[in-house]
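Visitor:
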Amino acid sequence: MTRHFLRDDDLTAEEQRHVLTLAAQIAGDRFALRPLAGPRTVAVLFDKPTLRTQVSFTTGIVELGGYPMVVDGKLAQIGVRESIADTARVLGRQVAAVVWRTYEQSRLEEMAEHVGVPVVNALTDQFHPCQVLADLLTIAQHRGGVDALPGTVLTYLGDGRNNMAHSYLLGGALAGLHVRVATPAERQPDPDVLARAEGLARASGGSVTVTADATAAVSGAGAVATDTWVSMGDDRSAEEAEALFGPFRLDERLLAHAAPDAVVLHCLPAYRGKEITAEVIDGPRSVVFDEAENRLHAQKALLAWLLEQS
Ligand code: NVA
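Residue numbering for the sequence shown follows the working numbering, beginning at 82 and increasing consecutively.
#1: Under the three-state reduction of DSSP, which class applies to A304: helix, strand or coil?
#2: Along the alpha helix (DSSP H) that carries P210, what are the first and last residues, could you check?
#3: So, under 8 angstroms CB-CB, Y148 and P116 are touching, yes? Tell me the CB distance rounded to an integer number of Å.
#4: So A373 and R182 are supposed to be a Cβ contact under 8 angstroms. How far apart are they, rounded?
#5: Mapping DSSP to helix, strand and coil, what is T122?
#6: With DSSP as the reference, identify every bridge partner of L325, one or two as the case may be.
#7: Do V125 and V196 have their beta-carbon atoms positioned less than 8 angstroms apart in this structure?
#8: Mind checking whether A256 and Q97 have CB atoms under 8 angstroms apart?
#9: Is it right to say Q390 is buried, meaning 16 or more other beta carbons lie within 10 angstroms of its own, or is it exposed?
#10: Which complete beta strand (DSSP E) runs does the stretch 84 to 163 hold, if anything under 3 residues is left out?
#11: May I ask whether a heavy atom of the ligand NVA can be found less than 7 angstroms away from the beta carbon of S137?
#12: Under 8 angstroms between the Cβ atoms of P210 and L388?
#13: Looking only at DSSP bridge pairs, what is A178 linked to?
#14: Any chance the CB of C348 is under 7 angstroms from a heavy atom of the ligand NVA?
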């Protein structure tokens, strides 16, 4: 059966753990796995801006022995010049896997339905599951390994309805973390995603909390994360974002409530002085560049595992 990674809960808890363990192993031995030797091609499609995702997927695919074919969505116009289903059938005849950054999750789902090879979500409006795999790997590296993930408190501050919030809820709950989302009432997570995360947390021993109290959310946290206040495709003005999310800015005062050995995460790009202060992101608890590197290791492990399963 062809396996896909369209959202965080496309992996079971056991599978997520396996992928994270593999990622931790191959971080120290970058050319150990060659499942794309041939080289086989992986199509990497971008309908939205990218830097980390393009670099980490192309580098990773090469290190796995394959060839990364980067497709500019503006040229390809997937779903405009021809249907997503027809595009999928064309790609599936030639490539080993498809990695796609796009808008609605339904576009990815349609690709997965027709392509016949693994599809990986490289960010949609709803989810950013590869980033959360990298974040879990980063927390594991700094806090005692993959076994130390269950029970860790992960606090996310900012836009509670964006792709990062949703993926922290699902991916974190799956891993047995206590996920706290601090966000204003206007930006509560999607209720279906929240309900799913609550179910995953019940099974894993983790928990899920959504609150407007940033200080309470950060209290005792082992990992504190934030993200841009204005995601790609969001047309919110800077003034509106400040009014909405200003109380959730990650600064030294707020971080002082976290555990003394807490790590600070940000998927980048970061806007210093907006969602996070320069002191915090450039300070001693910040692990954001480990996190950026871990995109590479996590995605390689994921691709290798998906190819093996499919
Ligand atoms: N929420 C952000 C994540 C960027 C990696 C966005 O969608 O723009």
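For every residue, glycine included, the Cβ atom is placed at its ideal position computed from N, Cα and C.
Guide: Walking through what the data contain:
#1: Taking the first residue of the sequence shown as position 1, residue 304 is located at position 223. Looking at A304 - three-state DSSP - the assignment turns out to be strand.
#2: If you number the sequence shown from 1, residue 210 lands on position 129. Where P210 is concerned, the enclosing alpha helix (DSSP H) stretches over 210 to 223.
#3: Position 67 of the sequence shown, counting from 1, holds the residue named residue 148. Position 35 of the sequence shown, counting from 1, holds the residue named residue 116. That pair is no contact at about 13 angstroms.
#4: Your numbering for residue 373 matches position 292 in the sequence shown. Your numbering for residue 182 matches position 101 in the sequence shown. At roughly 16 angstroms, the Cβ-Cβ gap does not stay under 8 angstroms, so A373 and R182 are not in contact.
#5: Translated into positions along the sequence shown, residue 122 becomes position 41. Strand.
#6: For the purposes of this step, residue 325 is taken as the residue at position 244 of the sequence shown. Its beta-bridge partners do not exist; DSSP assigns none.
#7: The residue you call residue 196 lines up with position 115 of the sequence shown. The residue you call residue 125 lines up with position 44 of the sequence shown. Their beta carbons are not under 8 angstroms apart, which means V196 does not touch V125 by this criterion.
#8: Reading the sequence shown from its first residue, position 175 is the one you call residue 256. Reading the sequence shown from its first residue, position 16 is the one you call residue 97. Taking 8 angstroms as the Cβ cut-off, A256 and Q97 qualify as a contacting pair.
#9: Along the sequence shown, one-based indexing puts residue 390 at 309. That one is exposed.
#10: 122 to 127, 148 to 153
#11: By one-based count along the sequence shown, residue 137 stands at place 56. No, since every heavy atom of the ligand NVA falls outside the 7 angstroms radius drawn around the Cβ of S137.
#12: In the sequence shown, the residue the question calls residue 210 occupies position 129. In the sequence shown, the residue the question calls residue 388 occupies position 307. Result no, Cβ atoms of P210 and L388 do not sit closer than 8 angstroms.
#13: Looking up residue 178 in the sequence shown gives position 97. According to DSSP, A178 bridges with V123.
#14: The residue given as residue 348 occupies position 267 in the sequence shown. Yes; taking the cut-off as 7 angstroms, the Cβ of C348 has a heavy atom of the ligand NVA nearer than that.
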